[in-house]
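Which chain is which? The protein sequence lines are A and B, in order. When you read off a place in the first sequence, starting at 1, and then add 283, the result is the number in my numbering. When you read off a place in the second sequence, starting at 1, and then add 4, the result is the number in my numbering. First up is the structure itself, then whatever we jot down about it.
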Amino acid sequence: DSGVTQTPKHLITATGQRVTLRCSPRSGDLSVYWYQQSLDQGLQFLIQYYNGEERAKGNILERFSAQQFPDLHSELNLSSLELGDSALYFCASSPGAEHTGELFFGEGSRLTVL
Amino acid sequence: TQLLEQSPQFLSIQEGENLTVYCNSSSVFSSLQWYRQEPGEGPVLLVTVVTGGEVKKLKRLTFQFGDARKDSSLHITAAQPGDTGLYLCAGVLASGTYKYIFGTGTRLKVLA
């Protein structure tokens, strides 16, 4: 158990819809990272938040947005969903702002867009 | 452009065999990590290597960081079915951008 909690575990929705994925980091960790994992793309970094502020941005689409709340939990919002958005979405956390490279991952949210 | 290439992509071996997975780049990394991911779960950190030439052992797993900090290898001795999973290398670029890159992954299956 990494201490990172993600909900929901599975989500099935239709194209054009909007979903929200939730993540609670490990106790004491201030950074939250969101990753997308699909079969042909590997693990793609989307965005990092540190203590409520956006810290780094990766290959995140404009249809996607995220935020980190004062209690440090984070939400990833995916809108105008397309078939290609079907993937595993992972949240990870780490203690500091700078990337030391040691991430603790949740079990992921599997999104299926039909 | 994938900065961290792993080889092989897929590996299926018999229990008891040895294997080596490679993680290569043309870029220099400040540190490099190896993760293992099992089906339905998130990646789990196995080790971090920081110093060029560093060798770390974790039971039957041996990790090495290249002298120039551009590559790494993971060697498993006497593989067991429990070693089955996706092995990912990842690293922090030394360029000062703190950009963190994941490798392409190696899917290992160990047959009993």
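Beta carbons are placed, not taken as given, at the ideal position from N, Cα and C, and that holds for glycine.
Assess, as a yes-or-no matter, whether the stretch 87 to 96 of chain B is touched by the stretch 32 to 46 of chain B under the definition of 3 or more beta carbon pairs within less than 8 Å.
yes
Which residue wins for smallest C-alpha separation from V32(B), given the options L50(B), E19(B), I105(B) and R111(B)?
I105(B)
Using a beta-carbon distance below 8 Å, is E358(A) in contact with chain B?
no
Inter-residue Cα distance where the pair is L97(B) and T66(B)
22 Å
Less than 8 Å separating the beta-carbons of R301(A) and N360(A)?
The answer is yes: Cβ separation under 8 Å.
Helix, strand or coil for D312(A)? Go by DSSP, reduced to three states.
coil
Members of the stretch 28 to 41 of chain B that neighbour chain A once the beta carbon cut-off is set at 9 Å:
For the stretch 28 to 41 of chain B, which is checked against every Cβ of chain A, the residues closer than 9 Å are F33, S34, S35, L36, Q37, Y39 and Q41.
Which class does L49(B) belong to by DSSP, given the choice of helix, strand or coil?
strand
Figure out for me which residue from P291(A), H382(A), L329(A) and N334(A) has the closest Cα to the Cα of S346(A).
Note on residue identity: the sequence assigns Arg, not Ser, to residue 346(A). R346(A) has its Cα closest to that of L329(A), out of P291(A), H382(A), L329(A) and N334(A).
Do you know offhand how far V26(B)'s Cα is from G311(A)'s?
Checking the sequence shown, residue 26(B) turns out to be Tyr, not Val. Going from the Cα of Y26(B) to the Cα of G311(A) covers about 34 Å.
Report all residues from its chain with a CB closer than 8 Å to the CB of T88(B); omit the five preceding and five following residues, and keep chain order.
Correct list, in chain order: E42, L112, K113 and V114.
Under 9 Å between beta-carbons, which chain B residues line up against F388(A)? List them in chain order, please.
Y39, Q41, E45, G46, P47, V48 and L49
Simplified DSSP assignment, three categories, for L92(B):
strand
Within the same chain, show all residues whose beta-carbon is closer than 8 Å to that of K74(B), passing over the 5 residues directly before and after it, in chain order.
N28, S29, S30, S31, V32 and F33
In or out: F352(A) buried (at least 16 other Cβ within 10 Å) or exposed?
exposed
Tell me which residue opens and which closes the beta strand (DSSP E) that G325(A) is part of.
G325 to Y333
E390(A) versus G56(B) - alpha carbon distance:
Near 32 Å, if we compare the C-alpha coordinates of G56(B) and E390(A).
is_contact[L92(B), chain A] using C-beta, thresh 8 Å
yes
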